[in-house]
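Written below as structure tokens is the structure these notes are about.
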Ligand code: KIV
Ligand code: ZN
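Numbering (this note's numbering), first residue to last: 6 to 507.
Okay, here's the thing in structure tokens:
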């Protein structure tokens, strides 16, 4: 039997971007969308246009920037949401509206204070309304994972009859077991007219609360689903969504027994993963399948010995198949602009000459401090000009610290183009610096959390600092990176302040 095409629906820019601290601006979202196009995804869920002017604008701009993937916009089963999504999608070459409503008993009772009959009516009305705006409508039955199969089949039948082409069966809470989720898809395939003949297809959308998102997705595919909803690095609400790279590589590694194939160019997985991690300031756990830094590192003696004798003893995938090419990822101070441009392009970053020149200057400054620059360093440098337009900028920081001395910091800030200076002692260099900063910025703010991460190795490495600062009941996420750990921390703190709403 010949394999079917499995459609890859990427929701990094919608479900993934909902994660606190992972928000991107429109320029960054366009960069991600273009990289997803290179990766070969079929559908890009670009946002939830009614939720904010920023989301609306991103859907508009991504629609203009991307050529062949379908651009999808999320809505509730509400006419004004659908109007807004249709308007945001006006420039898309291929467009889809993704509308839906909760179908589990708890959603019907507590979220909508409604009845099963009324939910079906609202679902059908939304699909018909959306079909008047665009040809391709996808319907999601929120919390389908906990919806009784017989009722779910009635909902799905009704929306297929109303003209939905794709029916999304989300395991919204990540509760299902793989066999149970597979049974659900099988039940729908057998009980809904229009699924066997391809009038509509089923889509999986699995969350990872119990660590089963990928297993559930594969179980859905083995039972008939022909679209999967995934994110890069598995980012998403709470424990995240099914990760694209895991599904793509499972299909590739098990090609001979899988009923499906995909259009993903797997060699673009690694650069895409690095780009998302860097733009969203979201580290990838080292043991993450496919894209973790240890995913291809054999540390035990027995494994290393086996791999040296024959790589297949312990490796089921060639790192090159996911785009890891050990020889090409390090640049030095002797690398020219062309090498920098080439490496950035491999990582999905396009620059005009002016920005390349600025980035190259920063590259040389960093290469002076750190001999070899890897992909993470380059991605950070590529994003560094963001800071130039910020209201508050760190001009200089001088710190004295060490064993047996009281740490003291002198700080110089530019606030709306005016220079301010202050100094303070503290119980450590970061504390002294933040106390000095607070003498200039008189806002009520509390540091809630701080994570320090060295990017790869070596005492000369760039350090990344993630921070959460509370201000007037809101928590703001900030990020800083520098070869100096105290400077990176102060940069992260200032990044939080620059995001304050008031
Ligand atoms: O998890 C979910 O149910 C969703 C829907 C809005 C598609 O993200
Ligand atoms: Zn979701």
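Heads up, the beta-carbon is just placed ideally off N, CA and C, and yes, glycines get one too.
Item, Value
"Three-pair Cβ contact test at 8 Å for the region 463–471 versus the region 414–430", "no"
"Segment contact flag, the region 109–128 with the region 87–97, C-beta cutoff 8 Å, min 3 pairs", "no"
"Cβ-based neighbour list, residue 387, same chain, cut-off 7 Å, excluding 5 preceding and 5 following", "349, 354, 364"
"Inter-residue spacing [alpha-carbon to alpha-carbon] between residue 375 and residue 368", "10 Å"
"Where residue 243 falls: helix, strand or coil (DSSP)", "coil"
"The ligand ZN heavy atom lying under 7 Å from the CB of residue 212", "yes"
"With 16 other Cβ atoms within 10 Å as the buried cut-off, status of residue 330", "exposed"
"Closest by C-alpha distance to residue 275, when choosing among 260, 261, 251", "251"
"Alpha-carbon to alpha-carbon, residue 109 and residue 152", "4 Å"
"Residue 211, buried or exposed, once every other Cβ within 10 Å from all chains shown has been counted against 16", "buried"
"Rounded Cβ spacing between residue 77 and residue 54 (contact assumed at less than 8 Å)", "That pair is no contact at about 11 Å."
"Check: residue 242 C-beta below 7 Å from any heavy atom of the ligand ZN", "yes"
"Residue range of the alpha helix (DSSP H) that includes residue 194", "183–196"
"Endpoints, the beta strand (DSSP E) within which residue 176 is located", "171–176"
"Cβ separation of residue 172 and residue 135, assumed to be a contact under 8 Å, to the nearest whole Å", "In fact, because the Cβ distance is near 13 Å, the residues do not count as touching under 8 Å."
"Euclidean distance between Cα positions of residue 238 and residue 292", "12 Å"
"Limits of the unbroken beta strand (DSSP E) element including residue 219", "From DSSP, residue 219 is part of no beta strand (DSSP E) but of the alpha helix (DSSP H) over 218–227."
"Residues sharing a beta bridge with residue 52, DSSP", "78"
"Contact belief for residue 471 with residue 497 at Cβ below 8 Å, rounded distance in angstroms", "7 Å"
"Near the ligand KIV: residue 21 beta-carbon under 7 Å from a heavy atom", "no"
"Residue 175 Cβ short of 7 Å to the ligand ZN heavy atom set", "yes"
"Distance, residue 44 Cα to residue 149 Cα", "29 Å"
"Three-state secondary structure (DSSP) of residue 477", "coil"
"beta-carbon residue 239 near the ligand KIV non-hydrogen atom, thresh 7 Å", "no"
"Neighbourhood of residue 9 by C-beta, 7 Å cutoff - its chain only, sequence neighbours within 5 removed", "231, 264, 265"
"Residue burial classification, residue 485 (beta-carbon count within 10 angstroms, cutoff 16)", "buried"
"Residue 7 - DSSP class collapsed to helix/strand/coil", "coil"
"Expected contact under 8 Å - CB spacing of residue 446 and residue 502 to nearest Å", "6 Å"
"Under 8 Å between C-beta atoms of residue 190 and residue 215", "no"
"Closest residue to residue 297 among 315, 98, 120, 278 (Cα-Cα distance)", "278"
"In DSSP terms, what residue 456 is bridged to", "471"
"Rounded distance between the beta-carbons of residue 378 and residue 336, thought under 8 Å", "5 Å"
"Residue 126: CB within 7 Å of a non-hydrogen atom of the ligand KIV", "no"
"Selected residue, minimal CA-CA separation from residue 494, among 233, 40, 474", "474"
"DSSP bridge partner residues for residue 396 (one or two, in chain order)", "Partner(s): none; residue 396 has no beta bridge."
"Beta-carbon proximity check, residue 52 vs residue 29, cutoff 8 Å", "no"
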